[in-house]
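Trainee: Can you read through this structure? Questions will come right after.
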Amino acid sequence: DMKVTQMPRYLIKRMGENVLLECGQDMSHETMYWYRQDPGLGLQLIYISYDVDSNSEGDIPKGYRVSRKKREHFSLILDSAKTNQTSVYFCASSLSTGFSYEQYFGPGTRLTVL
Amino acid sequence: GDSVTQTEGQVTVSESKSLIINCTYSATSIGYPNLFWYVRYPGEGLQLLLKVITAGQKGSSRGFEATYNKEATSFHLQKASVQESDSAVYYCALSGMGYKLTFGTGTSLLVDP
Numbered sequence: 283d284m285k286v287t288q289m290p291r292y293l294i295k296r297m298g299e300n301v302l303l304e305c306g307q308d309m310s311h312e313t314m315y316w317y318r319q320d321p322g323l324g325l326q327l328i329y330i331s332y333d334v335d336s337n338s339e340g341d342i343p344k345g346y347r348v349s350r351k352k353r354e355h356f357s358l359i360l361d362s363a364k365t366n367q368t369s370v371y372f373c374a375s376s377l378s379t380g381f382s383y384e385q386y387f388g389p390g391t392r393l394t395v396l
Numbered sequence: 026g027d028s029v030t031q032t033e034g035q036v037t038v039s040e041s042k043s044l045i046i047n048c049t050y051s052a053t054s055i056g057y058p059n060l061f062w063y064v065r066y067p068g069e070g071l072q073l074l075l076k077v078i079t080a081g082q083k084g085s086s087r088g089f090e091a092t093y094n095k096e097a098t099s100f101h102l103q104k105a106s107v108q109e110s111d112s113a114v115y116y117c118a119l120s121g122m123g124y125k126l127t128f129g130t131g132t133s134l135l136v137d138p
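Residue numbers (the working numbering), protein chains in the order written: chain A, 283 to 396; chain B, 26 to 138.
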């Protein structure tokens, strides 16, 4: 069963706390992504990972970092979270970065930073 | 840069009626982007509904269809007869050079039973 999982699904943190969002996939996809979605906006790409320890900034990387030590896991880290990082975060994976390859998405993590 | 516009934030349609969700795009990174419709059902992640990679072609899935119109830079999503189970959020997207998917803001479809 092809699946992308995200943990936790809901998270409330205080400003200045560290946040760890986890993503897993069981399809052995090389490429993984982190997006955020805010009301009235489309999904915005934060980071892309081409494989283990091969990460690249997306459109809005500021305030975030990522870690990929295993092909099936991709973490998004917020060091000292800010209130403007309140959002819904989506992880995705794809077989490659070719532009016709389908991206498979997780169910999202709703993060609230107070 | 590339952009995708969905003008309707929310659409309500009665069951068995027809549907059209508008999508227009601007692709500056590539002449012929690939075009996608993704759907997000409540509590789930986005899933690919259909894609078209050739201008002039039509894609279809689950009764939905969309035609890649390069002249009008449009990729409208249509369905002849919607069902209550079609209630979801629909996202139009394009892929330009390399890896990037550019998404529209999404259209929330509510089907009245």
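Glycine included, every Cβ here is placed at the ideal spot set by N, Cα and C. For clarity, every value in this text was computed on a predicted model and none was experimentally measured.
1. For Leu126 (chain B) and Tyr386 (chain A), I'd like the C-alpha separation in whole angstroms.
2. Decide if the stretch 91-102 of chain B is in contact with the stretch 50-69 of chain B; the criterion is three or more beta carbon pairs, one per stretch, under 8 Å apart.
3. Under the rule that 16 or more other beta-carbon atoms within 10 Å means buried, what is Asn59 (chain B), buried or exposed?
4. From which residue to which residue does the beta strand (DSSP E) around Phe372 (chain A) run?
5. Is Glu141 (chain B) near Asp137 (chain B), with beta carbons less than 8 Å apart?
6. Measuring only the C-alpha atoms, how far is Ile294 (chain A) from Thr37 (chain B)?
7. In chain order, what residues of the stretch 322-354 of chain A put their CB closer than 7 Å to some CB of chain B?
8. Apart from the five residues just before and just after Ser378 (chain A), which ones in its own chain have a Cβ nearer than 7 Å to its Cβ?
9. Hey, how far is the Cα of Ile45 (chain B) from the Cα of Gln103 (chain B)?
10. Mind checking if Gln307 (chain A) is an interface residue toward chain B, Cβ cutoff 8 Å exclusive?
11. Using only the alpha-carbon positions, how far apart do Leu360 (chain A) and Ile328 (chain A) sit?
12. Just curious, the beta strand (DSSP E) that Asp320 (chain A) is in, first and last residue?
13. Suppose the cutoff is 7 Å on Cβ atoms and the five residues either side in sequence are ignored; what does the same chain contact list for Ala80 (chain B) look like?
14. Please decide whether Lys104 (chain B) counts as near chain A, where near means a Cβ-Cβ distance under 8 Å.
15. Could one say the Cβ of Gln385 (chain A) lies closer than 8 Å to chain B's Cβ atoms, at least one of them?
16. Please classify Glu90 (chain B): does DSSP put it in a helix, a strand, or coil?
17. Which residues in the same chain have their Cβ closer than 6 Å to the Cβ of Glu304 (chain A), if we skip the five residues on either side of it in sequence?
18. According to DSSP, His355 (chain A) sits in a beta bridge with which residue or residues?
19. Specify, as a first and last residue, the run of the beta strand (DSSP E) that Tyr292 (chain A) falls within.
20. Anything in chain A within Cβ reach of Phe128 (chain B), meaning under 7 Å, just list it in chain order.
21. Determine the chain B residues that contact Gly388 (chain A) at a beta-carbon separation under 7 Å, and present them in chain order.
22. If we define contact as Cβ-Cβ less than 8 Å, is Val29 (chain B) a contact residue for chain A?
Mentor: Reading from the atomic positions:
1. Indexing the second sequence from 1 puts residue 126 (chain B) at position 101. Indexing the first sequence from 1 puts residue 386 (chain A) at position 104. Straight through space, the alpha carbons of Tyr386 (chain A) and Leu126 (chain B) are spaced by roughly 12 Å.
2. yes
3. As a first step, residue 59 (chain B) must be located in the second sequence, where it is residue number 34. By the neighbour-count rule (16 or more Cβ atoms within 10 Å), Asn59 (chain B) is buried.
4. Locating residue 372 (chain A) in the first sequence gives position 90, where the first residue counts as 1. It spans 369-376 - the beta strand (DSSP E) in which Phe372 (chain A) sits, taken as one unbroken run.
5. Here chain B covers residues 26 to 138 and nothing more, so residue 141 (chain B) does not appear.
6. The residue labelled residue 294 (chain A) in the question sits at position 12 within the first sequence. The residue labelled residue 37 (chain B) in the question sits at position 12 within the second sequence. Between Ile294 (chain A) and Thr37 (chain B), the C-alpha separation is close to 33 Å.
7. Gly322, Leu323, Gly324, Leu325, Leu327, Ile330
8. Position 96 of the first sequence, counted from the start, is the residue given in the question as residue 378 (chain A). Answer for Ser378 (chain A): Glu312, Thr313, listed in chain order.
9. The count along the second sequence starts at 1 and reaches residue 45 (chain B) at position 20. The count along the second sequence starts at 1 and reaches residue 103 (chain B) at position 78. Each residue's alpha carbon lies about 4 Å from the other.
10. Your numbering for residue 307 (chain A) matches position 25 in the first sequence. Gln307 (chain A) does not count as touching chain B.
11. For the purposes of this step, residue 360 (chain A) is taken as the residue at position 78 of the first sequence. For the purposes of this step, residue 328 (chain A) is taken as the residue at position 46 of the first sequence. Computed Cα separation, rounded: 12 Å.
12. On the first sequence, residue 320 (chain A) is found 38 positions in, with the first residue counted as 1. That residue, Asp320 (chain A), is in no beta strand (DSSP E); it is neither H nor E in DSSP.
13. In the second sequence, residue 80 (chain B) corresponds to position 55, counting from 1. So the list reads Tyr57, Tyr93, Lys95, once near-sequence residues are dropped.
14. If you number the second sequence from 1, residue 104 (chain B) lands on position 79. Closer than 8 Å: no.
15. Against the first sequence, residue 385 (chain A) aligns to sequence position 103. By this cut-off, Gln385 (chain A) is an interface position.
16. The residue labelled residue 90 (chain B) in the question sits at position 65 within the second sequence. Three-state result, Glu90 (chain B): strand.
17. Along the first sequence, read from residue 1 onward, the residue named residue 304 (chain A) stands at position 22. Within the same chain, Met289, Ser357 come within 6 Å of Glu304 (chain A) by CB-CB distance, once the 5 residues on both sides are set aside.
18. Residue 355 (chain A) sits at position 73 when you count from the first residue of the first sequence. His355 (chain A) pairs with A:Gly306, A:Lys352.
19. Within the first sequence, residue 292 (chain A) is the residue found at index 10, counting from 1. It spans 292-295 - the beta strand (DSSP E) in which Tyr292 (chain A) sits, taken as one unbroken run.
20. The residue you call residue 128 (chain B) lines up with position 103 of the second sequence. Those within 7 Å of Phe128 (chain B) in chain A are Gly324, Leu325.
21. Mapped onto the first sequence, residue 388 (chain A) falls at position 106. Going along chain B in sequence order, the residues near Gly388 (chain A) (Cβ under 7 Å) are Gly70.
22. For the purposes of this step, residue 29 (chain B) is taken as residue 4 along the second sequence, with counting starting at 1. Cβ-Cβ to chain A under 8 Å: yes for Val29 (chain B).
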